[in-house]
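See structure below.
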Amino acid sequence: MTVLIVGAGPVGLVLACELLRRDVDVRVIDRSRTPVAQSKAIIVWPRTLELLAGTGIAAEMVRSGHRLDGVRFHADGSVLGSVTVADLPDSRFNHVLMLPQWETERILQDRFAELGGKIEWGVELVRTTMGTDGAETVLAGQDGREETTTASWLVGADGAHSTVRKALGVGYAVHTPNLTFAIADAPVTGPIDDRYLHYCYSAKGALGIGPLGDGVFRFAVSAKEGQRANRELFQSALDERAGGMGTVGEPLWSALFQVRCATAERFRSGRAFLVGDAAHVVSPAGGQGLNAGIHDAVNLGWKLAGVINGLLAERVLDTYHAERHEGVRRVSAVTDRQTRWGLLVEPRKALARNVLVRAAAASGILQRFGAPLFSGTEATCRPRRFAWAALRYPAVRVGGRLPFLAEECGAGPSSLPMLVLSPGSGWSAIRRALPADLVVHRLGRNPRTADGRLVALLGRRPVALLVRPDGYVLAKTTGDRPGPLLRALTTIRR
1 MTVLIVGAGP VGLVLACELL RRDVDVRVID RSRTPVAQSK AIIVWPRTLE LLAGTGIAAE
61 MVRSGHRLDG VRFHADGSVL GSVTVADLPD SRFNHVLMLP QWETERILQD RFAELGGKIE
121 WGVELVRTTM GTDGAETVLA GQDGREETTT ASWLVGADGA HSTVRKALGV GYAVHTPNLT
181 FAIADAPVTG PIDDRYLHYC YSAKGALGIG PLGDGVFRFA VSAKEGQRAN RELFQSALDE
241 RAGGMGTVGE PLWSALFQVR CATAERFRSG RAFLVGDAAH VVSPAGGQGL NAGIHDAVNL
301 GWKLAGVING LLAERVLDTY HAERHEGVRR VSAVTDRQTR WGLLVEPRKA LARNVLVRAA
361 AASGILQRFG APLFSGTEAT CRPRRFAWAA LRYPAVRVGG RLPFLAEECG AGPSSLPMLV
421 LSPGSGWSAI RRALPADLVV HRLGRNPRTA DGRLVALLGR RPVALLVRPD GYVLAKTTGD
481 RPGPLLRALT TIRR
């Protein structure tokens, strides 16, 4: 067995599909006897859909989900401002997708089976011993019988209480703010705009409302420990924090939980990796947790497959921790700030927040910065400050996501970067110098196409790009100069 993935949730299955479609042998186990039945994580942002287009499931997810235009902010019943992703200039996924986790998992299970995979339910990892050549593991099935097996690579996608992480001895820095939330999916009759996520602020606390379609909404209410997550609580929150947007019906399900944030000290330990909640848990504000985990899976998938298939140097796997740990740090900073921002109750601070949001909305700053931030389209695989980059959004920069064509770069099964060339001739030196096994995409000029819009963004000078399978620019050169591209290739090729 080449790769053992422990955990058959969305993150583990995305990774399994990414590996299997690149002809890597995968075994997926999960201690649960059946798939998840609850809605759990529900928000999928545009950048995540771009990544999942390569996995082969984005179209089915969009067909199955409820599409939103963006995010709206309220205070004491009045609208402060909105951020719309419906007009994203450089992605065809110009919407927020609301999709229950059980439905996301069903789509992934179908895709995994289509690729030839099989999930082993009711099988858990008992213990593991890591060596230089991989992992020796002891597994236990539903009948209690133990099986000893080996895997060249081990991946923990088994949640916040990860057995894999504990077996590896990887530290998990937990931060538990004194915050309790009540959540529920419940029908609502009334004038709630079902085209937006709603964040409602008041002196009573915060309320998040997410339309799921067919008149059902996800509620997230800041609450007190010991309160009951019942219909009365959610109705009271809707009346007091959202100006009475409607009447809440009996919840389909509800729960009370404490906010818990954590990050593993490292995401790679030799031939073992941690992804998703096994590696990090972020504040639920902004609905970024599942999205961050999927980014982990896609980032690791093409790299690990490339190493296993002999295309990439093993050192490229070190970049998984470097890139994703930094990515999660940025997401955590934003979601933590958003949580604190929404829970301001001291009158002067709350008033200052409301005035700032209104002013930012009126000036266009909220839209300019908020759209790429929420959608993830201003994502990067390199450390940098978001705010300054957003002033030049969209743009083509090394380490940044390729505008307009990001999803195309992962459409094929290769783990090698794609060579993207602007129109015209004169690429003879680059074509001679670069390996022949790279996929080449020559851009067209039609301004109505994604190619043409990227050409307009690149400007008049001829530009050649190397773009990773996850859509991030590895290298860029102007003119027929292969040097920058060759230097970048040497950092990842065997």
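First residue of the sequence shown: 1, per the UniProt record's numbering; consecutive thereafter.
Quick reminder that beta carbons are idealized off the backbone N, C-alpha and C, glycines included.
- Ranked by how close their Cα comes to the Cα of Leu304, the residues Pro10, Gln109, Ile492 have Ile492 in first place.
- Proximity of the region 290-298 to the region 318-338 meets the contact definition, three or more beta-carbon pairs being nearer than 8 Å.
- Rounded to whole angstroms, the separation of the alpha carbons of Leu49 and Arg67 is 12 Å.
- Between Leu421 and Ala464 the beta-carbon gap is near 5 Å, inside 8 Å, which marks them as a contact.
- Separation of the CB atoms of Arg401 and Gly471 is rounded to 5 Å, and the pair is thereby assigned contact status at 8 Å.
- Leaving aside the five residues that flank Val316 on each side, the residues in its chain whose CB is nearer than 6 Å to its CB run, in chain order, Lys303, Ile492.
- As a beta-bridge residue in DSSP terms, Arg493 pairs with Leu312.
- Per the coordinates, the alpha-carbon of Lys349 lies some 55 Å from the alpha-carbon of Glu136.
- About 7 Å separates the Cβ atoms of Glu407 and Gly54, confirming a contact at the 8 Å cut-off.
- Counting C-beta atoms within 10 angstroms of its own C-beta, Val174 has fewer than 16 neighbours from the protein chains shown and is therefore classed as exposed.
- Within 10 angstroms of the beta-carbon of Ser269 lie 16 or more other beta-carbons, which makes it buried.
- The beta-carbon distance between Arg111 and Gly70, rounded to whole angstroms, is 28 Å. This is too long to meet the 8 Å contact definition.
- Using a Cβ distance threshold of 7 Å, Leu207 and Arg241 count as a contacting pair.
- Within 10 angstroms of the beta-carbon of Gly65 lie 16 or more other beta-carbons, which makes it buried.
- Pro46 and Ser91 do touch by the CB rule: their CB atoms are close to 5 Å apart, below 8 Å.
- A straight-line Cα-Cα distance of about 14 Å links Val221 and Ser283.
- Of the residues assessed, Thr377 falls on the buried side of the cut-off, its CB having 16 or more other CB atoms within 10 angstroms.
- Excluding residues up to 5 positions away in sequence, Val6, Ser162, Val164, Arg165, Leu274, Ala278 lie with their Cβ nearer than 6 Å to the Cβ of Gly156 in the same chain.
- In this structure, Leu125 is the residue among Val473, Gly459, Leu125, Asp158 with its C-alpha nearest to the C-alpha of Glu147.
- Three or more beta-carbon pairs separated by less than 8 Å are not found between the region 354-363 and the region 210-225, which leaves the two stretches without contact.
- Cβ neighbours of Arg494 within its own chain (closer than 6 Å, five residues either side excluded): Ala313.
- When C-alpha distances from Pro462 are compared across Ala411, Trp427, Arg340, Glu232, the shortest belongs to Trp427.
- Distances from the alpha-carbon of Ala359 to those of Thr128, Phe73, Leu474 put Phe73 closest.
- Per DSSP, the unbroken alpha helix (DSSP H) holding Met61 starts and ends at 58-64.
- In the structure shown, Val36 falls within a coil segment according to DSSP collapsed to helix, strand and coil.
- Assignment of beta-bridge partners to Thr132 by DSSP yields no partner.
- A Cβ-Cβ contact shorter than 7 Å links Gly286 with Thr335.
- The shortest C-alpha to C-alpha distance from Pro413 to any of Thr180, Met1, Val14, Leu20 is the one to Leu20.
- In the DSSP assignment, Phe234 falls within the unbroken alpha helix (DSSP H) covering 231-241.
- With a beta-carbon spacing of about 7 Å, Trp102 and Pro35 fall inside the 8 Å limit used to define contacts.
- Along the region 110-196, the beta strand (DSSP E) occurs as fully enclosed runs of 3 or more residues at 119-121, 124-131, 134-140, 146-151, 153-156, 172-175, 180-189, listed in sequence order.
- Relative to the Cα of Ala395, the nearest Cα in the group Val440, Leu233, Leu457 belongs to Leu457.
- Out of Cys17, Arg27, Leu356, the CA that lies nearest to the CA of Glu120 is found in Arg27.
- In this structure, DSSP gives Thr335 a helical state, which the three-state scheme calls helix.
- Val79 is not a Cβ neighbour of Ala371, given a cutoff of 7 Å.
- Met1 places its beta carbon 7 Å or farther from that of Ile42.
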